[in-house]
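Protein chains in written order, with our numbering: chain A, 1 to 543; chain B, 1 to 305; chain C, 1 to 296.
Note that beta-carbon positions come from the ideal geometry of N, C-alpha and C, so glycine has one too.
Treat the numbers as computed from the prediction; the structure is a model and nothing was measured.
Contents: one structure, followed by commentary.
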Amino acid sequence: MLSNVSFINKAFFQLASLVLAFGWCACAKKQTNVERGIQNGELYIGIGAEPAALDPHLTTGLTEYSVMLALLEGLTTLHPKTMAVEPGVAQSWVISEDRKRYTFHFDPEARWSNGDRVTPEDFIFSFKRILSPALGAPYAYMLYPMRGAEAFHRSQSIDFGSVGVSAPDAHTLVIELESPTPYFLNMLSHNTWWPVHPPTILEHGAITDRISKWTKPGKFIGNGPFILERWRLNNGISVVRNPHYRKHSKVGLNGIHFLPIAVQSEERAFRAGHLHLTSSVPIHRIDWYRKNHPERLRFDTALGVYYYMLNTKSGPLADTRVRQALAYSINREDLTKHILRAGQKPAYHFTPPNTGGYQARARLPYDPQLARKRLAEAGFPDGKEFPKLQLLFNTSESHRTLAVAIQQIWKRELGIDIELHNQEWKAYLATRQSGNFDILRAAWYGDYDDPNTFLSLGESRNGNNHTNWHDPHYDALIKKAAKETDPVARMELFQEAEAILIEALPVIPIYFYVTSRLIHPAVKGWYPSLLDNHPYQAIQLKK
Amino acid sequence: MLTHIIKRFLQAIPTLWIIVTATFVLLRLAPGGPFDTEKPVSPEIKLQIEAHYGLNEGLHVQYLRFLGNLLKGDLGPSYQYAGWDVQEIIAQAFPVSLELGLWALLVALLIGIPLGVFAALRHNKPSESALMAIATAGICLPSFVLGPMLLLAFAISLDWFNPLGWNYASDRVLPALTLGLMYGAYIARLARGGMLDVLQNEFIRTARAKGLSLSAVVGRHALRSALQPVVAYLGPATAGLISGSFVVETLFFIPGLGPFFVNAALNRDYTMVMGTVLFYAILIITFNLIVDLVQMWMQPRTRNE
Amino acid sequence: MNKEKREQKSNDCAGKSLSRATWQRLVRHRMARIGGFLFLLVAIACLLGPFLTGQDFAAQDLAGGAQAPSWDHWLGTDELGRDLLERILIGGRISIGVGFAATCVALLIGVTYGALAGYCGMRTDALMMRFVDVLYALPFTMLVVVLTVTFDQKSIFLIFLAIGAVEWLTMARIVRGQTKGLRRSSFVEAALASGASHWRILRHHILPNLLGPVIVYGTLTVPAVILLESILSFLGLGVQPPQSSWGTLINEGADKLDIYPWLLIGPAVFFSVTIFAFNFLGDGLRDALDPRETER
Chain A
1 MLSNVSFINK
11 AFFQLASLVL
21 AFGWCACAKK
31 QTNVERGIQN
41 GELYIGIGAE
51 PAALDPHLTT
61 GLTEYSVMLA
71 LLEGLTTLHP
81 KTMAVEPGVA
91 QSWVISEDRK
101 RYTFHFDPEA
111 RWSNGDRVTP
121 EDFIFSFKRI
131 LSPALGAPYA
141 YMLYPMRGAE
151 AFHRSQSIDF
161 GSVGVSAPDA
171 HTLVIELESP
181 TPYFLNMLSH
191 NTWWPVHPPT
201 ILEHGAITDR
211 ISKWTKPGKF
221 IGNGPFILER
231 WRLNNGISVV
241 RNPHYRKHSK
251 VGLNGIHFLP
261 IAVQSEERAF
271 RAGHLHLTSS
281 VPIHRIDWYR
291 KNHPERLRFD
301 TALGVYYYML
311 NTKSGPLADT
321 RVRQALAYSI
331 NREDLTKHIL
341 RAGQKPAYHF
351 TPPNTGGYQA
361 RARLPYDPQL
371 ARKRLAEAGF
381 PDGKEFPKLQ
391 LLFNTSESHR
401 TLAVAIQQIW
411 KRELGIDIEL
421 HNQEWKAYLA
431 TRQSGNFDIL
441 RAAWYGDYDD
451 PNTFLSLGES
461 RNGNNHTNWH
471 DPHYDALIKK
481 AAKETDPVAR
491 MELFQEAEAI
501 LIEALPVIPI
511 YFYVTSRLIH
521 PAVKGWYPSL
531 LDNHPYQAIQ
541 LKK
Chain B
1 MLTHIIKRFL
11 QAIPTLWIIV
21 TATFVLLRLA
31 PGGPFDTEKP
41 VSPEIKLQIE
51 AHYGLNEGLH
61 VQYLRFLGNL
71 LKGDLGPSYQ
81 YAGWDVQEII
91 AQAFPVSLEL
101 GLWALLVALL
111 IGIPLGVFAA
121 LRHNKPSESA
131 LMAIATAGIC
141 LPSFVLGPML
151 LLAFAISLDW
161 FNPLGWNYAS
171 DRVLPALTLG
181 LMYGAYIARL
191 ARGGMLDVLQ
201 NEFIRTARAK
211 GLSLSAVVGR
221 HALRSALQPV
231 VAYLGPATAG
241 LISGSFVVET
251 LFFIPGLGPF
261 FVNAALNRDY
271 TMVMGTVLFY
281 AILIITFNLI
291 VDLVQMWMQP
301 RTRNE
Chain C
1 MNKEKREQKS
11 NDCAGKSLSR
21 ATWQRLVRHR
31 MARIGGFLFL
41 LVAIACLLGP
51 FLTGQDFAAQ
61 DLAGGAQAPS
71 WDHWLGTDEL
81 GRDLLERILI
91 GGRISIGVGF
101 AATCVALLIG
111 VTYGALAGYC
121 GMRTDALMMR
131 FVDVLYALPF
141 TMLVVVLTVT
151 FDQKSIFLIF
161 LAIGAVEWLT
171 MARIVRGQTK
181 GLRRSSFVEA
191 ALASGASHWR
201 ILRHHILPNL
211 LGPVIVYGTL
221 TVPAVILLES
231 ILSFLGLGVQ
241 PPQSSWGTLI
251 NEGADKLDIY
261 PWLLIGPAVF
271 FSVTIFAFNF
281 LGDGLRDALD
291 PRETER
C-alpha cells in the first residue's frame, strides 16, 4: 500500500515540477509579436481563414486578395487613402478619343522578384492564361470589357489574336475595349488583371494548369512590394521586402506575417500582443473595447448588403403584398443597434449607400401598421391561416441570432410563425441553387464600386437571382444602363430600377455591412476602404 | 502471435477497401460539390474546373482511377488548397498532432490511472468520493469549455503562457491539458471500475488471505486485469488523440491535422476527405490491433491458447 | 466442482438480484440516493419549471440583452434578452431525453454486439470487429450531412441514428474484450461441459460479469451524447432555433466566458449536476448489482 502511494506521490510530484518548469520558461520568454514587429518593421495581421490559393487567376475571395496584394501588382494601383487610380506597372497611359483604346507605357523599373523586367508580353501571357477556357478561372468575366475577351473565353473564337491586346514595343501595351467602360482603370487593380511570371508558370506545368505548385515559397515569382518567404497551411504566410520592387525604397515594412487565426482566438491573440491587426471583432467584445480601448476599434463601411431572398414562385410569397408585409414589419434600427453593434447601417434599399457615388432614393418604410394592412389585403388578417414558411440560413451564430430575432418580430407584428432551419455551407449553397426554399439568408459584396454589381442581381437572367422574380421593365433598365455613357443619366436608370426592386421586394434588405477590426496604435497608414483594399506600401509601424 | 499479426494485416486490406468505398459513396451523396461557391461560376467554367480533377467522367471511372492511384500511393491534390497535395498536407500537419496527442495521452494516463486505482483502493471511504468527484468534474469539462477557461486563467490573467501558437516548449502545456484532462477523467472512471471488479475476485481475496500486502496484490495481480477496459478504450482514444483535435488546434492555433478532418468534409474537398479518412483508418486499425495484442498478454487465460 | 457450483450460484443470484435485492441495495447506497435525488430534481425542474417561471422561452427584449443574473432573470439573459433559466429548462428536456435514450441505444447495440463477437470468437469475431473498424473510420461529418439530405431533418429518430452509429463502437470493443476473457474462464467451460446452452451461458455467466464496465462506460456516454447533439445541430440535424439544448448553450457560452460568464455558468451547472447524478447512480447501481459487494 505504502509503496503504491509513494509511487503515485512521486509521479504527481514529477508532473508538478514539470508543469512548474514549463511555467518558469513561460515567464522567462516574452517579447510579443507586436513588440518584435515594431522593432523589426514586421506587421502581424490576422486574416481569419486560410487562403485557398495564391494564384491571382484562380482566387475569388478577399482573404486571398489581401495576401496577394503584397506579392503582385497590376498596371494600375489604388491610392491607399483616396482609392484614386495611380500608376502601377504602367507609369502613364493615353486614352483614345472614343475611350475604347488604352495605351500603357511601362515603368522601366518594374521588375519581377528575380530581377527580370516586367514586359507587356507578360501581361498578354497572363490575359491569355486567365481567359483560356481550360483554366476554368472563376472570375475571368472581369476581363470581358476587353475586345474579343468574352468570345475567346466562351470558345467562340480559338485565336487569341482576336482579343484586343497587343504590345507594339517592349515598353508599351495597348488594350482595346468592346465599349467605353468608365471604371476600366479602376478594374485594372483587381487581381484578375494582374500578371503572372510566364517562365515560372511554364516551369511548373502548362499555361492552363490548375494543379500547379508555382505559388509555393521559393518558386513564386511576383512583382509586388514583397516576396513570398514561408507558407504553411493553418500556420501562416510570411512575406519579406522585395529588393527588386520598382518603388522599394518607399515601402515602409520589412515583412508581413499573415496568420489565419479563427475569429474567437484572434481577439485573444490581439489582446495578448500577438497581432497588430485582426480580421474581425467578436460581437460580444465590441462594447468592452468601446469602453476600454476605443482607439483600437475600427469600423469601416463595406460594400455589402445582408438580405433575405424570397422564393416568389408560388404560395403566399408570390403575392407582393405578403413580401411587403414581411419587409415593412422589421425594425432594422433595433437589430443593428442591439444585435450587430458594430455600426452597421439599417438597409431600407438594396444598393449600399455611396456605391460609385450613387445614393438610392427609393426607401422601404418601417411601418408595422401598414405591414399588417398589406397582410390582411393578401388574405391573412392577423396572420390567420398563414402557412408555415421556412427560413434557411447557413450555420453561423450571427445568422442564427438575427434569424431568431426576425422570427420573433414577424410573430409579434404579423402573427405568423416562421420555422428556422440551418444548413452547413455547401448544403446551403446546394439548396439555394436548387431553389428549394421559402426564405433564405443571403449577402452580396460588390465586386467593383458601381451600383451595377448590386442591381444586376435582380435581372431575370442573372445566375444569382434565385427568387424566381422577373420584371422585363427592370431587365430593360439594367441593360440600358450598361450602354449609357452619360454618368448622370446612367445613375438615373439605376434609381428607377432600384425603385422597382424596392416596391416588388423579391429580396428584403436587412443591413449594410461594416468591416470591423482591431488595430494596434503603432500601425500607421491603414485607411478605411470600401472594398477592403489596403495597399501595404503605405503602412508603417511606429511607436 | 506472429501469424496473428500477419492475419490482421491481411484483414486490414479488405477493411480499408470497404472504408474507402463507403467514403467515396458518402462524398458523392452529400449535397454540394468542392467547386460550389457563393457566386457560382457558369456551367461551362465549372465543367472546365472539374475536368482538371477528372470529375467530369463517370462515377465508376473516377472510382477505379482513384483506387488505381491509391495503389500507386498517390492521394492526389487537395481541391480546396490549390498547389497542395493531400500527402504533403498530412505529412506537414501530422507530426504536430502526434506530439500534441502524445503529451495529452501522457496527461491522461498520469491523471487517470493513479486516480482510478487509488479511488478503488479507498472504496467506500470519503476520499474515494472526493477523487471520483474530481474525475466526474473532468468529464463535465469538454475541451471547448476547458480551453477558454484555461486560457482566461493562465494565458490572459496570469500571463504564464502564450494564448496561442506552437513555437515554444511552454506552448504545449495548455493544449495538452485541455485535450488530456477529459481522457484522464474517462480513464480514471474505467480504471476504478475495473479495479473494483478485480479486487472482489476470488484470487485476489485468496492472495490477501494468504497474507500478501495490498500493494503487492495490486502490483502483481490486480492491475493487469483491472486495466482491461482502460486498454480497450485506449485503442480508439489514442488514434483520436494523435490524429488531432479540431477544437483544441483551432482554439490554440496549432498547425495540426485536426481542423483538416472537419474542414475537408465541410468544403467537400473529396481527395482530402479520402486522405484523412484513410489515414485515420490505418491508425484505428493499428491501434485496435495493438490493443488486442496487449489484451491477449494481459489475460493469462487467453494467452494460453 | 464445488467452486463451479459456487460460481453458478453467485451468478444465478446475480441474475435474480436484478429485482428486489438489487433495488434494496441501490436504495441503501448513499451516493446512489444523492444521485437519484439530484437527477429527479433536474428532471422535474425541466418538465415543470417552464410553467412556473412565468417566462416565455422565446420572448425577446433586444434592448435588455445579455444582462447579468437579477431578481427578474435568475440566471441572467442571453444576447436577445431571453430568460436564460427558461431556455436551460426547455433545453434540458431535449438534452436529458437525447442523453438518456441515445445512451440506451448505444448500450443495447454495443453490449449485444460486443458480447456476441467476444463469445463466438474466431472468424465471427474478426469479421464483426473489422466492421467496427470500418464504422470508426467513416467521416462522421459526411455521414451526418448525408443523413440530413436523405431524411426528414427534424426527426428525433435521426439524432439517435447518427449518435447511435458512433457511440456504441467503443462499448462494443470493451464488452468484447471482457467477454473473450470470460469465455475462456473455468466456470464457462464447466457450464458448457455440463450441457448448458450458449444462450444460457451468455445470460447467466457472461452478462452479469459485464455489468461493471458496461455501467461505467454507459454513464460516460451520457455527457458525450449530450455534447455531440450540439455538433448535429451545427450541421443542420435535430434541434433548430429558437429551441435550444444544453450542448448548444454551453458551446455558445464558452466563447463569451470572460464577458458574459453567466451564459456558460448557468447551462454548465445544470449539465454538470445531471452528469454527477448519473455517475453517482451508476456507481450505486454497479455496487448494488455486485452480489459480492459487502453490505453496508
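Distance between residue j and residue i (C-alpha atoms, nearest Å)
i: histidine 544 of chain A; j: proline 198 of chain A; result: Outside the displayed span of chain A (1 to 543) sits residue 544 of chain A, for which this structure offers no information.
i: alanine 104 of chain B; j: phenylalanine 152 of chain A; result: 57 Å
i: methionine 142 of chain C; j: asparagine 263 of chain B; result: 11 Å
i: glycine 99 of chain C; j: glycine 282 of chain C; result: 14 Å
i: leucine 135 of chain A; j: histidine 52 of chain B; result: 8 Å
i: arginine 296 of chain A; j: leucine 402 of chain A; result: 26 Å
i: glycine 76 of chain B; j: proline 236 of chain B; result: 27 Å
i: glutamine 178 of chain C; j: arginine 20 of chain C; result: 27 Å
i: isoleucine 418 of chain A; j: alanine 371 of chain A; result: 16 Å
i: cysteine 27 of chain A; j: tyrosine 168 of chain B; result: Since pLDDT at cysteine 27 of chain A reaches only 48, below the 50 mark, its modelled position is unreliable, and the value read off the structure follows with that caveat. Those two C-alpha atoms are separated by around 12 Å.
i: glutamate 150 of chain A; j: arginine 341 of chain A; result: 43 Å
is_contact[residue i, chain A] using C-beta, thresh 8 Å
i: leucine 266 of chain B; result: yes
i: arginine 30 of chain C; result: no
i: alanine 63 of chain C; result: yes
i: aspartate 255 of chain C; result: yes
i: aspartate 74 of chain B; result: no
Per-residue contacts from residue i into chain B (C-beta, under 7 Å)
i: asparagine 234 of chain A; result: Pro255 and Pro259
Test: residue i CB closer than 8 Å to a CB of chain B
i: tryptophan 194 of chain A; result: no
i: glutamine 178 of chain C; result: yes
i: proline 208 of chain C; result: no
i: leucine 227 of chain C; result: yes
i: cysteine 27 of chain A; result: Low per-residue confidence applies at cysteine 27 of chain A: pLDDT is 48, beneath 50, and the placement is therefore not dependable enough to give any value.
i: alanine 94 of chain C; result: A small fix is needed here, since residue 94 of chain C is isoleucine in this sequence, not alanine. Chain B contact via Cβ: absent.
i: proline 223 of chain C; result: yes
Start and end residues, beta strand (DSSP E) containing residue i
i: threonine 405 of chain A; result: According to the sequence provided, residue 405 of chain A is alanine. The question's threonine does not apply to it. It is not in any beta strand (DSSP E) - alanine 405 of chain A instead sits in the alpha helix (DSSP H) that spans 397-414.
i: serine 238 of chain A; result: 236-241
i: alanine 302 of chain A; result: 297-310
i: glutamate 176 of chain A; result: 172-176
i: asparagine 394 of chain A; result: 389-394
i: glutamine 344 of chain A; result: Element bounds for glutamine 344 of chain A: n/a, residue is neither H nor E.
i: aspartate 169 of chain A; result: 165-169
Chain-ordered neighbours of residue i on chain C, where CB pairs are closer than 7 Å
i: valine 404 of chain A; result: Leu80, Pro241 and Pro242
Bounding residues of the alpha helix (DSSP H) (the contiguous stretch that carries residue i)
i: phenylalanine 9 of chain B; result: 2-29
i: proline 69 of chain C; result: Careful: proline 69 of chain C lies outside any alpha helix (DSSP H) and carries neither H nor E.
i: glycine 458 of chain A; result: Run containing glycine 458 of chain A: none; DSSP gives neither H nor E here.
i: isoleucine 265 of chain C; result: 262-289
Listed by chain order, chain C residues near residue i by CB distance under 9 Å
i: leucine 29 of chain B; result: Met142, Val145, Val146, Val149 and Thr150
Contacts of residue i in chain A (Cβ-Cβ under 7 Å)
i: alanine 58 of chain C; result: Gln408
Partner residues on chain A for residue i, Cβ-Cβ distance less than 8 Å
i: proline 77 of chain B; result: Ile211
Proximal residues of chain B, C-beta to C-beta of residue i below 8 Å
i: tyrosine 133 of chain A; result: The residue you asked about is not tyrosine; residue 133 of chain A is proline in the sequence shown. Within 8 Å Cβ-Cβ: Glu44, Ile45 and Gln48.
Closer than 8 Å at the beta carbon, the chain C residues around residue i
i: glutamate 50 of chain A; result: What glutamate 50 of chain A touches in chain C: nothing, since even the nearest Cβ is about 18 Å away.
Interface partners of residue i on chain A, CB under 9 Å
i: tyrosine 81 of chain B; result: Glu50, Pro51, Ala52, Ala53 and Leu233
Do three or more CB pairs link the segment 137-151 of chain B to the segment 196-215 of chain B at distances below 8 Å? At 8 Å Cβ cutoff, the stretches do not touch.
Would you say the segment 261-275 of chain A touches the segment 240-259 of chain B, given that touching needs at least three Cβ pairs under 8 Å? Flag = yes, the segment 261-275 of chain A and the segment 240-259 of chain B touch.
Report yes or no: do three or more beta-carbon pairs, one from the segment 183-190 of chain C and one from the segment 215-222 of chain C, lie closer than 8 Å? Under the three-pair Cβ rule at 8 Å, the segment 183-190 of chain C does not count as touching the segment 215-222 of chain C.
Please confirm if the segment 219-239 of chain A is in contact with the segment 100-114 of chain A, defined as three or more CB-CB distances below 8 Å between the two stretches. Touching, yes.
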